[in-house]
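Colleague: Structure provided below as structure tokens; questions to follow.
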Amino acid sequence: MRRLTTISLLLILFCAPAFSNEVIDHISYGKFGKITVYHPENTPTSVVLFVSGDGGWKDAVVVMAKDLAAEGALVLGIDARHYGYYLSKVSAACLYPAADFEELSLSVQKKYKLVNYHKPVLMGYSYGAVLVYGSLVQAPPDTFRGAIALGFSPDINLKKPLCRGNGLTQRVLKKGFSYYLESTKSLTAPFIVLNGEKDLACPFDASATFLRGIPMTELIPLPNVGHGFLNHGDWQPELKTAFKKILAAPTFTEQKSMEHKAMADKQLKPYTGNLPLILIPAAKKSNLPMVFMISGDGGWTGFDQALAESLAAKGLAVLGLDAQKYFWNAKTPENSTLEIAKAIQHYKEELGKGNFILAGYSFGASIVPFVANRLSPELKADLKAVISLSPDVTADFEIHLIDLLNFGSSKNKYDVIAEIKKIKTADQVSIFGTGEGNAIKSKFIKSGLKVLTIVGDHHFNKDYVSISSAFLKQVSE
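All the letters of the sequence shown, read from the start, carry residue numbers -20 to -1, 1 to 457 under mature numbering (1 follows the signal peptide of the UniProt record, and there is no 0).
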């Protein structure tokens, strides 16, 4: 696709509205270079990662960013030229911008001390529009709230292909130079495209044909708009509406929670405590324990959900805790256990379960031993097993990032191996993937802890049947 960069784009400066109470600053962030940050007048209610076209951060995108800040968003303006240069130097076989965007979102929200973590909305213009589409498709469910693309066409200039991730496919247009991103059937977050009917670079009809049949997608026509988005009044109302639709749409976790809520017994009393929980009822009646599972630091993503559903299919009800939300602000092992114990006790009674399992993945895997050892004697007596999927040797009770913004490391590191050794009243097992390497696993083995290895990477190749079978084996032993 030919990207248009003309002097006429400068007309946006004369068509742009005046913004009052503007608070704009800049941060430098490694792979993204200089990022322009637009602050809302009050506490941010959302976060937007906005990638420019290949002309850089100027003109129409600046006005759009200010519009979104006026709607309460903290907007990060990303210059595609800087990030594109970084991508051109990546040595890996494929590119995974979804991880870069999530890292940026986490880092900046920590930097500005947002009280709660906001799943970011991706937004892109021209080159950026294609990049955010690819990132949304390749990311695990519930990584992003959704994406808005302006001036969208599915081809992009990159030296290497984008990684498949959660299901992105593409074909080569010119090897080492350009790729055509294909349509998908697996979107779990909304994707809204605003394209001008006068756009010569991204013909409206071609974009409409591409988007047809993609779930959770909407194409909004802009009758008087070309590729430059020159006149503010010709697109501003539609952009505002699209943004509100993204924020109003239920997240992946909320969608799943509503599905399982409908499946659950209507007499089930909801837990009234302030914990980010999701309940996945067992698909069949059984005497098997309830599982309390803490997610990884990415939150309750598609991996956690799929694993929970696999366990539920085998008769294990799962109560999940979103670690990203719960541990966004610092906790201690003691106060975490008090809050978690109340939820466990409530759902044990509601589901009629005598025993339960504590389980965790990655970040959560390192947390559960500390919870196990701080339960009341009554709950400890009901604890059947502690199962850690890909734990680390140390645990932290706050989501931390050590990155180019120099937040530093946590001062409160807890020894996971020593904590597991303290577990006396329940079985324990630590499960690792064969592709994760031996550095951490070998320390668990040398310490005499029970270790199980499953074929696969950090996500066990998403072989949920093997993982859930390991759970059942642990219960039956």
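Positions of the beta carbon are idealized from the N, C-alpha and C atoms, including for glycine.
#1: Less than 8 Å between the CB atoms is what I'm expecting for D362 and F336, so what's the real figure, rounded?
#2: Can P121 and S163 be called in contact, C-beta distance under 9 Å?
#3: Give every residue of the same chain whose Cβ lies closer than 6 Å to the Cβ of A297, excluding the five residues on either side of it in the sequence, and list them in chain order.
#4: For T281 and G35, what's the separation of their Cα atoms in angstroms?
#5: With a threshold of 8 Å, are at least 3 pairs of Cβ atoms found where one atom belongs to the segment 434 to 441 and the other to the segment 393 to 400?
#6: On the criterion of 16 or more Cβ atoms from any shown chain inside 10 Å, does V95 qualify as buried, or is it exposed?
#7: Are the segment 47 to 56 and the segment 15 to 30 touching, with three or more C-beta to C-beta distances below 8 Å?
#8: Check for me: the beta strand (DSSP E) holding Y97 runs from which residue to which?
#9: Alpha carbon to alpha carbon, how far is K402 from L452? Give it in angstroms, no decimals.
#10: I think S368 touches I324, with their Cβ atoms under 8 Å apart; what is that distance to the nearest whole Å?
#11: Kindly examine the ligand COA and report whether one of its heavy atoms sits closer than 8 Å to the Cβ of V3.
#12: Quick check: the segment 144 to 152 against the segment 109 to 118, are at least 3 beta-carbon pairs closer than 8 Å?
#13: Please list the terminal residues of the continuous beta strand (DSSP E) segment that includes G36.
#14: With a threshold of 7 Å on Cβ separation, who are the neighbours of S68 within its own chain once the five nearest residues in sequence on each side are excluded?
#15: Rounded to whole angstroms, what is the Cα-Cα separation between V70 and A310?
#16: Tell me which residue opens and which closes the beta strand (DSSP E) that V110 is part of.
#17: Check whether the segment 147 to 162 and the segment 81 to 100 touch, using three or more Cβ-Cβ pairs below 8 Å as the test.
#18: DSSP three-state label for E234, please.
#19: Please state whether DSSP places E177 in a helix, a strand or coil.
#20: Measure the beta-carbon distance from A450 to L432 and round it to whole angstroms, keeping in mind my assumption that it falls under 8 Å.
#21: Can you give me the Cβ contacts of I347 inside the same chain, cut-off strictly under 6 Å, excluding the 5 residues immediately before and after it?
#22: Can you name, in chain order, every residue of its own chain whose Cβ lies under 8 Å from the Cβ of L75, other than the five neighbours on each side?
#23: Please determine if the segment 293 to 307 and the segment 218 to 231 are in contact, where contact requires at least 3 C-beta pairs separated by less than 8 Å.
Modeller: In short, the structure shows the following:
#1: 6 Å
#2: no
#3: P261, A262, M270, L331
#4: 34 Å
#5: no
#6: exposed
#7: yes
#8: No beta strand (DSSP E) contains Y97, which DSSP labels as neither H nor E.
#9: 23 Å
#10: Not confirmed; about 17 Å, so no contact.
#11: Because no ligand of any kind appears in the structure shown, any question about the ligand COA cannot be addressed here.
#12: yes
#13: First-last for G36: undefined, no H or E at that position.
#14: K139
#15: 34 Å
#16: It is not in any beta strand (DSSP E) - V110 instead sits in the alpha helix (DSSP H) that spans 107 to 118.
#17: no
#18: helix
#19: coil
#20: 6 Å
#21: I274, G340, A375
#22: L67, L138, K140, P141, L142, C143
#23: no
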